[in-house]
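Heads up: the structure comes next, in structure tokens.
There are 2 protein chains.
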Amino acid sequence: MTNLEPDEQSARNGNPVANLSRDIGEYIRQQRSNAKISLRQLAKLAGVSNPYLSQVERGLRKPSAEILQQIAKGLRISAEALYVQAGILEQRQGGPVVDAVLADPDLSERQKQVLLDVYESFRRENAAEASVTKSTVEGSDVDGAGPETRTPPKE
Amino acid sequence: MTNLEPDEQSARNGNPVANLSRDIGEYIRQQRSNAKISLRQLAKLAGVSNPYLSQVERGLRKPSAEILQQIAKGLRISAEALYVQAGILEQRQGGPVVDAVLADPDLSERQKQVLLDVYESFRRENAAEASVTKSTVEGSDVDGAGPETRTPPKE
DNA sequence: CGCGGGCGCTAGCTCTTGCAAGCGCTCAGC
DNA sequence: GCTGAGCGCTTGCAAGAGCTAGCGCCCGCG
Chain U
1 MTNLEPDEQS
11 ARNGNPVANL
21 SRDIGEYIRQ
31 QRSNAKISLR
41 QLAKLAGVSN
51 PYLSQVERGL
61 RKPSAEILQQ
71 IAKGLRISAE
81 ALYVQAGILE
91 QRQGGPVVDA
101 VLADPDLSER
111 QKQVLLDVYE
121 SFRRENAAEA
131 SVTKSTVEGS
141 DVDGAGPETR
151 TPPKE
Chain F
1001 MTNLEPDEQS
1011 ARNGNPVANL
1021 SRDIGEYIRQ
1031 QRSNAKISLR
1041 QLAKLAGVSN
1051 PYLSQVERGL
1061 RKPSAEILQQ
1071 IAKGLRISAE
1081 ALYVQAGILE
1091 QRQGGPVVDA
1101 VLADPDLSER
1111 QKQVLLDVYE
1121 SFRRENAAEA
1131 SVTKSTVEGS
1141 DVDGAGPETR
1151 TPPKE
């Protein structure tokens, strides 16, 4: 998915709204795939109709924030993550966990660093597992942005 | 305005959705009043029609997140503030760190629990140190002095 | 007085969102 | 073979979102 076809590339540069719509759909499908549940199961968990969820995933419809909230509940992820993908909420820079830990007034700087080290090691551990599944990709840790960067392992 | 009329009071208790709709409308009107601009001026600044903005303020229509974003821009306030009033974004309850960790799709449930356990042990450790520092009044750690005033109100 | 400008609102319209009913396909069991 | 269960998708519809055209009201000015 990192290699877009030429027309998709130009469409992406030309109409960001349509791209956002496609982004949220792909993201939902990806999270659903990660959770290993069918479209119908998610629709039921989320309390939305399964045809509509299908349309949303394929970018044919643009769900409201309320629907995104329900889908997030069904996926057991935060609604904010979906809002960000849908373009109705700004993405935090360092990621929600990093931001929250750094901002926590109850932690000393050393404790913050320890927590973030544990967090990063978990993420590396998970990335390594994903890399083994994909191929043996050795190198520096590419991810630093957020969940979005996990899209490629789907391929 | 803090004294609701009796029928308004009962309507508020009966239909939370309508209440949320009314809440965001009143909030927008209040912010507009604070900014000392007319409905038409705000509509123009926000890029929405003035009749529609009027309807939104009176609770007759329920704006999408995109419209809220535009209104926020016109009011020069954060969109998040309007989202919270509209009920599509939660005020953080369990604390930013807990929320962020639980919502992180890159972590397994076990890793989340480990991280939160470490986090809570740090907080307990700091609470114990805060008790000692409090009795001595002068603490070596300035950061420790600050959090102790925050911790009790949160519990 | 009439006029212009500003105020907030009504009514009717188009388009979008989300749903229900149903379709065709695949697979497992009898 | 048939049946049932599950899969994702198509189609048509109703309700709601957001707009345009226009209204009545108020105020200041000549």
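Protein chains in written order, with the numbering used here: chain U, 1 to 155; chain F, 1001 to 1155.
The C-beta atom is built at its ideal place from N, Cα and C for all residues, glycine as well.
Since we're looking at a predicted model, the values are computed, not measured.
Residue i versus residue j: straight-line alpha-carbon distance, rounded
{"i": "residue 87 (chain U)", "j": "residue 1061 (chain F)", "result": "22 Å"}
{"i": "residue 29 (chain U)", "j": "residue 55 (chain U)", "result": "11 Å"}
{"i": "residue 1040 (chain F)", "j": "residue 1050 (chain F)", "result": "5 Å"}
{"i": "residue 133 (chain U)", "j": "residue 1044 (chain F)", "result": "At residue 133 (chain U) the pLDDT is 49, less than 50, meaning the model places this residue with poor confidence and gives no usable figure here."}
{"i": "residue 71 (chain U)", "j": "residue 85 (chain U)", "result": "13 Å"}
{"i": "residue 42 (chain U)", "j": "residue 32 (chain U)", "result": "7 Å"}
{"i": "residue 52 (chain U)", "j": "residue 69 (chain U)", "result": "15 Å"}
{"i": "residue 1058 (chain F)", "j": "residue 79 (chain U)", "result": "27 Å"}
{"i": "residue 1075 (chain F)", "j": "residue 1035 (chain F)", "result": "7 Å"}
{"i": "residue 1095 (chain F)", "j": "residue 1066 (chain F)", "result": "27 Å"}
{"i": "residue 1123 (chain F)", "j": "residue 1047 (chain F)", "result": "47 Å"}
{"i": "residue 23 (chain U)", "j": "residue 1120 (chain F)", "result": "36 Å"}
{"i": "residue 110 (chain U)", "j": "residue 82 (chain U)", "result": "32 Å"}
{"i": "residue 129 (chain U)", "j": "residue 1108 (chain F)", "result": "12 Å"}
{"i": "residue 118 (chain U)", "j": "residue 1106 (chain F)", "result": "13 Å"}
{"i": "residue 1026 (chain F)", "j": "residue 26 (chain U)", "result": "36 Å"}
{"i": "residue 125 (chain U)", "j": "residue 1125 (chain F)", "result": "28 Å"}
Residue i (DSSP reduced to helix, strand or coil)
{"i": "residue 1060 (chain F)", "result": "coil"}
{"i": "residue 1078 (chain F)", "result": "coil"}
{"i": "residue 1105 (chain F)", "result": "coil"}
{"i": "residue 36 (chain U)", "result": "coil"}
{"i": "residue 14 (chain U)", "result": "A caution first: residue 14 (chain U) carries a pLDDT of 34, below 50, which makes its placement in the model unreliable, though a value can still be read off. The answer is helix: DSSP assigns residue 14 (chain U) an H, G or I state."}
{"i": "residue 1048 (chain F)", "result": "coil"}
{"i": "residue 1125 (chain F)", "result": "helix"}
{"i": "residue 1088 (chain F)", "result": "coil"}
{"i": "residue 1095 (chain F)", "result": "coil"}
{"i": "residue 133 (chain U)", "result": "Interpretation of residue 133 (chain U) is limited by its pLDDT of 49, a score under 50 that renders its predicted location unreliable; no figure is taken from the coordinates."}
C-beta neighbour in chain F for residue i, strict 8 Å
{"i": "residue 115 (chain U)", "result": "yes"}
{"i": "residue 107 (chain U)", "result": "yes"}
{"i": "residue 119 (chain U)", "result": "yes"}
{"i": "residue 96 (chain U)", "result": "yes"}
{"i": "residue 66 (chain U)", "result": "yes"}
{"i": "residue 123 (chain U)", "result": "yes"}
{"i": "residue 156 (chain U)", "result": "Past the boundaries of the shown model lies residue 156 (chain U); chain U is included only from 1 to 155, so the question cannot be answered."}
{"i": "residue 9 (chain U)", "result": "Note that residue 9 (chain U) has pLDDT 30, beneath the 50 cutoff, so the model's placement of it is unreliable and no number is given."}
{"i": "residue 73 (chain U)", "result": "no"}
Own chain residues within Cβ distance below 8 Å of residue i, not counting five before or after
{"i": "residue 37 (chain U)", "result": "45"}
{"i": "residue 104 (chain U)", "result": "112"}
{"i": "residue 77 (chain U)", "result": "31"}
Below-8 Å beta-carbon distance, residue i vs any chain U residue
{"i": "residue 1126 (chain F)", "result": "yes"}
{"i": "residue 964 (chain F)", "result": "Because chain F in this structure spans residues 1001 to 1155, residue 964 (chain F) falls outside the shown range and cannot be described."}
{"i": "residue 1070 (chain F)", "result": "no"}
{"i": "residue 1055 (chain F)", "result": "no"}
Residues near residue i in its chain [Cβ-Cβ closer than 7 Å; skip 5 each side]
{"i": "residue 1102 (chain F)", "result": "1112"}
{"i": "residue 1116 (chain F)", "result": "1098, 1101"}
{"i": "residue 1089 (chain F)", "result": "1080, 1083"}
Per-residue contacts from residue i into chain U (C-beta, under 9 Å)
{"i": "residue 1101 (chain F)", "result": "96, 97, 100, 101, 119"}
{"i": "residue 1088 (chain F)", "result": "64, 65, 66, 68, 69, 79, 83, 88"}
Cβ shell of residue i (< 6 Å), same chain only, five flanking positions each side left out
{"i": "residue 1073 (chain F)", "result": "none"}
{"i": "residue 63 (chain U)", "result": "56"}
{"i": "residue 127 (chain U)", "result": "none"}
Contact list for residue i against chain F, beta-carbon separation under 8 Å
{"i": "residue 31 (chain U)", "result": "1105"}
Any non-hydrogen atom of the ligand ADP within 7 Å of residue i CB
{"i": "residue 1078 (chain F)", "result": "Inclusion of the ligand ADP in the displayed structure is not the case, the ligand content being empty and no account of it being possible."}
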